[in-house]
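Asker:
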Amino acid sequence: MTGPTTELPLIPAAKPIIGDEERAAVDRVMRSGMVAQGPEVAAFESEFAQVLVGSRTCVAVNSGTSGLHLGLLAAGIGAGDEVIVPSFTFAATANAVALTGATPVFADISADTFNLDPASVAEAVTERTAAVMPVHLYGHPADMDGLGAVAAEHGLQLFEDAAQAHGASYGGAPVGSFGVFAMFSLYPTKNMTSGEGGMVACADEDIARGVRLLRNQGMEKQYANEVVGLNNRMTDIHAAIGRVQLGKVWGWTQQRQANAAWLDAALGDVVVTPPVREGCTHVYHQYTVRVEGASGAERDRVVSALREEHKVGCGVYYPTPNHELVSLARFAPERELTQTARAAAEVISLPVHPSLSEGDLERIAAAVHAVVGAGA
Ligand SMILES: *Cc1c(COP(=O)(O)O)cnc(C)c1O
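In the numbering used here, the protein residues as written are 11 to 386.
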């Protein structure tokens, strides 16, 4: 491949796969005349539990963010509590904590995997710390042994933001089976979708019942409201889409992993390819490389060149640490989050989705070599 190739079609950064089976499932629900939460949601919950989280009880909600919010509320998190979270993540993680009235406390990530560093978490613990909520960022599990040890030592609850990590595993156990609760997002760009939606995997029936009550105005029996709740229910239309996708997610994951292995081999000499820690299975929601030592501006020039000159759709997740966002700056920690700042400047997520052809992979590799190799 030579030079700028403006006439090439764009390789999209992400591509939700929605086919005839999903359309037929929606049609089936529409024809039934019952479209709100009902039997499809119940079936989706039990199938999701079996396929992805070792049969933990699952409760479906209308978004991943709702799942975090309700999980936190059901676990008793509220005003006066501190919950330790990464700053290098989507803002939904800290937003959910702040919306309960609790304080999100930002800790740093490890130098390699982009996930919470247990040592930094331990430093952030105070007498008000109630919980720690790691994110399995990009589909790579957080250090659950290290974080579990800090949680046990300080008597903290452990939650999981597994929004990006359907099917990932740590020490042979699926993510979502570690925390008091774990949330999976079903947004269209995630590894599987229900249109919009979230699934909460629960460690016990108390948490599950709490989330069920909170998603439905605090009611188990109609008009016998037990707690103050919301309407965060999933519809049967969305659940029907999710059930179809659940049958495909493992195949898609294998394709993501094969694409990642191909890119690892092709790109290791010009960028830092995504590390996989021993005992971990990475499901490559994102295939995120580092342009080592780059400033944010240098990295942004690489991204522009990949997109504009080579038509390789790519993303930066996330360019601004949460504690620097206008919305969350009041929670900025005093100490510096060195690895967070470094990752925010260096990362580029390249396409890894299951629809990539071998020609697409070759174009991606050639483009990265042309742009980074040339020292953009
Ligand atoms: C997508 C995402 C969420 C929020 O999920 P929604 O379904 O979009 O509400 C939360 N945390 C992380 C890390 C995410 O990637």
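Even for Gly, the Cβ is constructed at its ideal location relative to N, Cα and C. All figures in this text were calculated on a predicted structure; none of them were measured in a lab.
Sort out for me which residues DSSP pairs Q167 with in a bridge.
Answerer: A141
Asker: Exposed or buried, what is P184 when buried is set at 16 or more other beta-carbons lying within 10 Å of its beta-carbon?
Answerer: buried
Asker: Applying the 10 Å Cβ sphere with the 16-neighbour rule, what's the burial state of D171?
Answerer: Per the 10 Å Cβ criterion, buried.
Asker: Inspect the beta-carbon positions of D91 and A112 and report whether they are closer than 7 Å.
Answerer: yes
Asker: Does the Cβ of P331 have 16 or more other Cβ atoms within 10 Å, making it buried, or fewer, making it exposed?
Answerer: buried
Asker: Can the beta-carbon of Y297 be found less than 7 Å from the beta-carbon of V357?
Answerer: No, they are not a contact pair.
Asker: Beta-carbon within less than 6 Å of H164's beta-carbon, same chain only, minus the 5 sequence neighbours each way: which residues are those?
Answerer: V135
Asker: For ligand 1, is there a heavy atom less than 6 Å away from the beta-carbon of F191?
Answerer: no
Asker: Please give me, in chain order, every unbroken run of the alpha helix (DSSP H) with length at least 4 that falls completely inside the region 297-345.
Answerer: 306-314
Asker: Could you compute how far the alpha carbon of E319 sits from the alpha carbon of E308?
Answerer: 16 Å
Asker: With a threshold of 6 Å (Cβ to nearest heavy atom), would S314 be considered close to ligand 1?
Answerer: False, no ligand heavy atom lies under 6 Å from that Cβ.
Asker: Would you call the CB atoms of G86 and M193 closer than 7 Å?
Answerer: No.
Asker: Classify Y148 as helix, strand or coil using the three-state DSSP reduction.
Answerer: helix
Asker: Can you give the Cα-Cα distance for I374 and V322, rounded to whole angstroms?
Answerer: 6 Å
Asker: Whose C-beta lies closer than 7 Å to the C-beta of H379 among residues of the same chain, with five residues either side of it excluded?
Answerer: Contacts found: V280.
Asker: Closer than 6 Å to a non-hydrogen atom of ligand 1 - does that hold for the CB of F169?
Answerer: no
Asker: Does the distance from the C-beta atom of A70 to that of V39 stay below 7 Å?
Answerer: no
Asker: Report yes if the CB atom of Y197 is closer than 7 Å to the CB atom of C290, and no otherwise.
Answerer: Cβ distance not < 7 Å, so Y197 and C290 don't count as in contact.
Asker: Hey, how far is the Cα of A271 from the Cα of A102?
Answerer: 30 Å
Asker: Please state whether the Cβ-Cβ distance between P151 and A121 is less than 7 Å.
Answerer: no
Asker: Among all the DSSP beta bridges, which residues are the ones paired with E92?
Answerer: T113 and T139
Asker: Considering only C-alpha positions, which residue in the set G239, A355, M154 and R138 is nearest to A129?
Answerer: M154
Asker: Since V221 and V210 should fall inside the 8 Å C-beta cutoff, what is the C-beta to C-beta distance between them, to a whole number of angstroms?
Answerer: 5 Å
Asker: Based on Cα-Cα distance, which residue from L78, N125 and L109 lies nearest to S97?
Answerer: N125
Asker: Would you report the Cα separation of P26 and I251, rounded to the nearest angstrom?
Answerer: Spanning the two alpha carbons is a distance of roughly 12 Å.
Asker: Would you mind giving the Cβ-Cβ distance between V381 and L316, rounded to the nearest angstrom? I have them listed as a contact below 8 Å.
Answerer: 6 Å
Asker: Who pairs with P184 in a beta bridge, going by DSSP?
Answerer: S179
Asker: Assuming the contact rule is C-beta atoms closer than 8 Å, C324 and A23 should be a hit. Round their C-beta distance to whole Å, please.
Answerer: 6 Å
Asker: Could you please give the first and the last residue of the uninterrupted alpha helix (DSSP H) stretch that includes I247?
Answerer: D246 to L256
Asker: Say yes only if the C-beta of S179 is nearer than 6 Å to one or more non-hydrogen atoms of ligand 1, and no if none qualify.
Answerer: no
Asker: Using three-state DSSP, classify L371 as helix, strand or coil.
Answerer: helix
Asker: Out of T199, S42, M244 and A275, state which residue places its alpha-carbon closest to the alpha-carbon of A376.
Answerer: A275
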